[in-house]
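Report on the following structure.
In our numbering, the protein residues as written are 4 to 241.
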């Protein structure tokens, strides 16, 4: 169903010569919603609910059902995770990164996940939703460009973001992968988790954190996986 809805969106953009989703007018979106509803009823055999509580419970069900989705099952096989763990659902108030030019959304790492360099690394999109960053719909900017924006809002937000990222890494004693949204100039942290990294980065981060007294040598060794060492044996493009 998702691919069918995205196809409808692309048809509207192509018809009107739009390059990005932001160019759609209110009338375009109203017409698109009607098309979406018809498609959902045709494909799923039921109408999209107008009742917000039904929408909420439908969203909760979708999260639990996703545990047995093809991608989730494949991911567990690759990472060696048990099927019996299950998943959880958080229900919380939304914040929006697409309410204007003082809004944004992004993802960032406390260190470079490719090289292990001890610099903040990440991307953000001004006036966009979180999905836009990872979907490739628009080209994001590096978070290092944020303090160079004309508005003083971005300088302040960048200071807040980097201070929080530093605090998170010191608390968890590991490189963090964070997601954030800025709504009308206010920074909201959505989540943090241990960041994925290349073999090269894993070794550098482990060694650097020992020198920085964030972890012990024993902890450093335990964080280097066999796959990380295998990656180091192959030639690497600069």
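Backbone N, C-alpha and C define an ideal beta-carbon position, used for all residues, glycine too.
Distance check for residue j and residue i, CA to CA, integer angstroms please.
i           : j           : result
residue 36  : residue 12  : 10 Å
residue 81  : residue 49  : 35 Å
residue 217 : residue 88  : 30 Å
residue 130 : residue 67  : 30 Å
residue 71  : residue 77  : 10 Å
residue 229 : residue 97  : 40 Å
residue 85  : residue 79  : 7 Å
residue 91  : residue 69  : 11 Å
residue 108 : residue 24  : 15 Å
residue 33  : residue 21  : 16 Å
residue 239 : residue 199 : 18 Å
residue 45  : residue 9   : 16 Å
Return the chain-ordered list of same chain residues with a C-beta closer than 6 Å to the C-beta of residue i, the five sequence neighbours on each side being excluded.
i           : result
residue 113 : 168, 172, 178, 179
residue 160 : 185, 190
residue 226 : 209
residue 202 : 231, 234, 235
residue 3   : Here the chain comprises residues numbered 4 to 241, so residue 3 is not present and cannot be evaluated.
residue 40  : 51
residue 135 : 128, 141
residue 105 : 156, 187, 188
residue 197 : 177
Are there 16 or more other CB atoms within 10 angstroms of the CB of residue i, so buried, or fewer, so exposed?
i           : result
residue 123 : buried
residue 3   : Nothing can be reported for residue 3: it is not among the residues displayed for the chain, which extend from 4 to 241.
residue 4   : exposed
residue 195 : buried
residue 56  : exposed
residue 166 : exposed
residue 65  : exposed
residue 103 : exposed
residue 74  : exposed
residue 181 : buried
residue 63  : exposed
residue 183 : buried
residue 206 : buried
residue 94  : exposed
Quick check on the DSSP output: the alpha helix (DSSP H) that includes residue i runs from which residue to which?
i           : result
residue 210 : 202-214
residue 229 : 229-235
residue 14  : 5-19
residue 34  : 29-47
Quick one: give me the first and last residue of the beta strand (DSSP E) that residue i is part of.
i           : result
residue 192 : 189-197
residue 58  : No beta strand (DSSP E) holds residue 58; the alpha helix (DSSP H) holding it covers 55-69.
residue 110 : 107-112
residue 180 : 179-186
Got a sec? Which residues, its chain only, sit under 7 Å from residue i by beta carbon, not counting five neighbours each side?
i           : result
residue 115 : 122, 124, 204
residue 120 : 114
residue 157 : 149, 150
Name the DSSP bridge partner or partners of residue i?
i           : result
residue 124 : 112
residue 144 : 127
I'd like the list of long-range same chain contacts for residue i, defined as Cβ closer than 8 Å, with 5 residues on each side in sequence excluded.
i          : result
residue 26 : 16, 19
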